[in-house]
Amino acid sequence: MNLTDPECLLFCSLMCSSDVVAAISLISYDKQPRLFSIIFGEGIINDAVSIILFNTILKFTTTNKRIDASTPLVILGDFASLGFSSLFIGVIFGLLSSYVLKRFRMFSKNPVLETTMIFCFGYLSYVISEVSENSGIITLLTSGLMMAHYTWYNLSPQGKQSSF
Numbered sequence: 031m032n033l034t035d036p037e038c039l040l041f042c043s044l045m046c047s048s049d050v051v052a053a054i055s056l057i058s059y060d061k062q063p064r065l066f067s068i069i070f071g072e073g074i075i076n077d078a079v080s081i082i083l084f085n086t087i088l089k090f091t092t093t094n095k096r097i098d099a100s101t102p103l104v105i106l107g108d109f110a111s112l113g114f115s116s117l118f119i120g121v122i123f124g125l126l127s128s129y130v131l132k133r134f135r136m137f138s139k140n141p142v143l144e145t146t147m148i149f150c151f152g153y154l155s156y157v158i159s160e161v162s163e164n165s166g167i168i169t170l171l172t173s174g175l176m177m178a179h180y181t182w183y184n185l186s187p188q189g190k191q192s193s194f
């Protein structure tokens, strides 16, 4: 069985992700928290890049374009566009959740409602990213990081205990 060039590109983009579970299982967070965080962060970034690269190659192969000398530039442009747009959507929803929970204090009266709002903003960012053919995982990760950094300060004390 012979693989075509687009199929080889797809397979290679899928295989470029490495799993850091084995490395993380060897390191104790209590003894070496910085090393654990570095390896865990590298795994997240590696998976994010792999997902964006796979989506870019998949988009390229479904349009039935020929592979020629300009293909790497086209893939690089699509990769950057997909990555930045996914990050942008995540940042927007993370900041929007912080703004809503700060300005509309009616959501702070019930910690279950606050937690539900955080979940809904994360899920909404994922859905909008997927519908707009961006990477929902990258958007969700970015949105979660933004919410952990900014939304945390806008929660009630009871909401802080139940949300994070």
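My numbering applies: residue 31 is where the sequence shown begins, and numbers increase by one.
Each residue gets a CB set at the ideal place from its N, CA and C atoms; glycine is no exception.
With 16 or more other Cβ atoms inside 10 Å of its own Cβ, P36 counts as buried.
By the Cβ neighbour-count rule, T169 is buried, with 16 or more other Cβ atoms within 10 Å of its own. Shown here for K89: same chain residues with a beta carbon closer than 7 Å to its own, the five before and five after excluded, namely D108 in chain order. Using a C-beta cut-off of 8 Å, the region 36 to 52 makes contact with the region 75 to 82, since at least three inter-stretch Cβ pairs fall below that distance. For A52, the secondary structure class from DSSP, reduced to helix, strand or coil, is helix.
By the Cβ criterion, the region 109 to 121 is in contact with the region 162 to 180, since at least three pairs of Cβ atoms, one from each stretch, lie closer than 8 Å. For L33, no alpha helix (DSSP H) run applies, since DSSP gives it neither H nor E. According to the DSSP assignment, M177 belongs to the alpha helix (DSSP H) that extends over G166 to Y180.
Going by DSSP, R133 is part of the alpha helix (DSSP H) stretching over T101 to R133.
Under the 8 Å Cβ criterion, the region 171 to 184 counts as touching the region 116 to 129, having at least three qualifying pairs. In this structure, S100 keeps its C-beta atom at 8 Å or more from the C-beta atom of N76. The three-state reading of DSSP puts L185 in coil, since its state is none of H, G, I, E or B. With a contact defined as Cβ atoms closer than 8 Å, S128 and Y59 miss out at about 28 Å.
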